[in-house]
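Comments concern the structure below.
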Amino acid sequence: MKKIKKAQHEIVGFVLIVVIVVVIGLFLLVFYLRQPAVEHESLNVQNFLQSSMAYTTDCMRSIEPLDLQDLIKTCKENKRCLNEELACKVLNDTLSELAHESWLVSEDRPENAYFLNIYYQYMSKDEEESEKEEILSLKEGNCTGSRTGAEYLLHYSPGTIIIDMKLCYT
Amino acid sequence: MLQFAKSFRMKIRKITRKSQLKTQEMAFMLMAVVIFFIIAGLFFIVIKYRELYRTAGLFEKEKALSTVAKLAETAEFSCNKPLCVDTDKLIVMQNRPAYNGFWPIASLSVVKIFPKQEEVECTKENYPNCSFFKVYDKQIENKEEVSTFVSLCRKEKQGDYWYEKCELGKLIAGFEIKQLQ
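Protein chains in written order, with numbering that gives the first Met the number 0: chain A, 0 to 169; chain B, 0 to 180.
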């Protein structure tokens, strides 16, 4: 009877140690997994956004065709090009084709998806009042792996137009 | 009396042997726990090291990218806007022996990305209806290429009016891979 009791004590001790080790292991694993996916500024995406803004579009408002950054501003004002086409439609067509040809995202390539959001943001001086208005949102591919990206800011009084691009890669 | 002393000594020996066994058991258990934590720690370090190595590679690439971007800003290519290459200058700069060794790179070429065009090398005869410019090539086989996006601008005439037409392209620079002798 005494021997059985001792053996039970040993087993309880052993199980206790195993439980403690497992709990610590699980805690570390959860802590590690809960860390956000690595996200950092990408110079390549930044260069893409900056270069794209100078792209000459098919939309004309005067003798000279608009470049992409002026087209974004025209779209924000909900205006039309000289050929009566909506500036926002031209922007959507041009930018989606431009991004598609530039990144060629697919599951076989390191870059597997991108998100491109253009929005207008206005923040009052005391930062109490803020306004956010979406201008265009594009997405292509299925995002897996790490994320990288960049932002390009366009001054549009009294606020700012933000062109935000995120790229997923493995 | 003698018998009592004998049985007392026997009892003491038994207890000592038992505690030795217990101490041994505890030592083994502690050793197992320590080994477990060492293995878990090593596993964690290996994962972290791989992540660090990958980040270092990314930063190395970003460094090369900024070098390429700086090339676009040089007077020989720039169109006075950030990250903008004047293609009218490019066509003149092609295959100039005077520039051999001027740039710290093995090769330099520019490709049009958008609007998409048929793959045709640019010459003075077919410009601007072409898709890539070979500006400079040291003919080095062992090289690594790094590219960055740039806008490709040129002067275009519409009626009597000249304006700047810009397309999207990539500036590709080849860097020689140094090998240990």
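We put the beta carbon where it would ideally sit given N, CA and C, even for glycine.
Between the segment 117-124 of chain A and the segment 140-148 of chain A there are fewer than three C-beta pairs closer than 8 Å, too few to call the two in contact. Taking C-beta atoms under 8 Å as the contact rule, residue 50(A) and residue 43(B) fail to qualify, at a distance of about 41 Å. At a cut-off of 7 Å between beta carbons, residue 112(B) contacts chain A. In chain order, 112, 113, 114, 167 make up the part of chain B whose C-beta sits under 9 Å from the C-beta of residue 97(A). Here residue 162(A) is near residue 48(A), since their CB atoms are less than 7 Å apart.
Contact between residue 44(A) and residue 135(A) is ruled out by a C-beta separation of about 17 Å, above the 8 Å threshold.
Annotation: the segment 54-87 of chain B contains no complete segment of the alpha helix (DSSP H) (minimum length 4 residues). Residue-level contact by beta carbon holds for residue 64(B) and chain A, with a gap shorter than 7 Å. Counting along the chain, residue 93(A) sits inside the alpha helix (DSSP H) bounded by residues 86-102. At a cut-off of 7 Å between beta carbons, residue 54(A) contacts chain B. Counting along the chain, no beta strand (DSSP E) covers residue 71(A); the unbroken alpha helix (DSSP H) around it starts and ends at 67-75. Each of 24(A), 127(A), 92(A) was checked against the Cα of residue 37(B), and the nearest Cα belongs to 24(A).
For the set 46(A), 13(A), 86(A), the Cα lying nearest the Cα of residue 102(A) is the one of 46(A).
Residue contact with chain B for residue 117(A): absent (no Cβ-Cβ distance below 7 Å to any residue of chain B). By the 16-neighbour rule on beta-carbons within 10 angstroms, residue 54(B) is exposed. Scanning chain B for C-beta atoms nearer than 8 Å to the C-beta of residue 46(A) yields 64, 68, 82, 147, 148, 149, reported in chain order. Sixteen is the threshold: since fewer than 16 other Cβ atoms of the shown chains lie within 10 Å of the Cβ of residue 14(B), the residue is exposed.
By the neighbour-count definition (other C-beta atoms within 10 Å, threshold 16), residue 108(B) is a buried residue.
Taking 3 residues as the minimum length, the beta strand (DSSP E) runs contained wholly in the segment 126-152 of chain B are 131-136, in order along the chain. Note that the C-beta distance between residue 67(A) and residue 56(A) is below 7 Å.
In the structure shown, residue 16(B) falls within a helical segment according to DSSP collapsed to helix, strand and coil. Residue environment analysis places residue 22(B) among the exposed positions, since fewer than 16 neighbouring C-beta atoms fall within 10 angstroms of its C-beta. Neighbours of residue 61(B) across chain A, judged by C-beta separation under 7 Å: 42. Taking C-beta separations shorter than 6 Å and ignoring five residues to either side along the sequence, the partners of residue 165(B) in its chain run 150, 152, following chain order. In this structure, residue 119(A) sits near residue 158(A), with a CB-CB distance shorter than 7 Å.
At least one C-beta of chain A is nearer than 7 Å to the C-beta of residue 164(B).
Not a single C-beta of chain A is nearer than 7 Å to the C-beta of residue 52(B). Taking a Cβ-Cβ cut-off of 7 Å, the neighbours of residue 49(A) in chain B comprise 81, 82, given in sequence order. Proximity of chain B to residue 61(A) at the Cβ level (cut-off 8 Å) is not reached, the minimal Cβ distance being about 10 Å. The residue among 175(B), 174(B), 170(B) with its C-alpha nearest the C-alpha of residue 73(B) is 170(B). The beta-bridge partner set that DSSP reports for residue 64(A) consists of 59(A). Counting only the Cα atoms, residue 67(B) lies some 15 Å from residue 133(B). The continuous beta strand (DSSP E) containing residue 109(B) extends over residues 106-113. Residues are counted here when their Cβ sits less than 7 Å from a Cβ of chain A; for the segment 2-36 of chain B these are 28, 32, 35, given in chain order.
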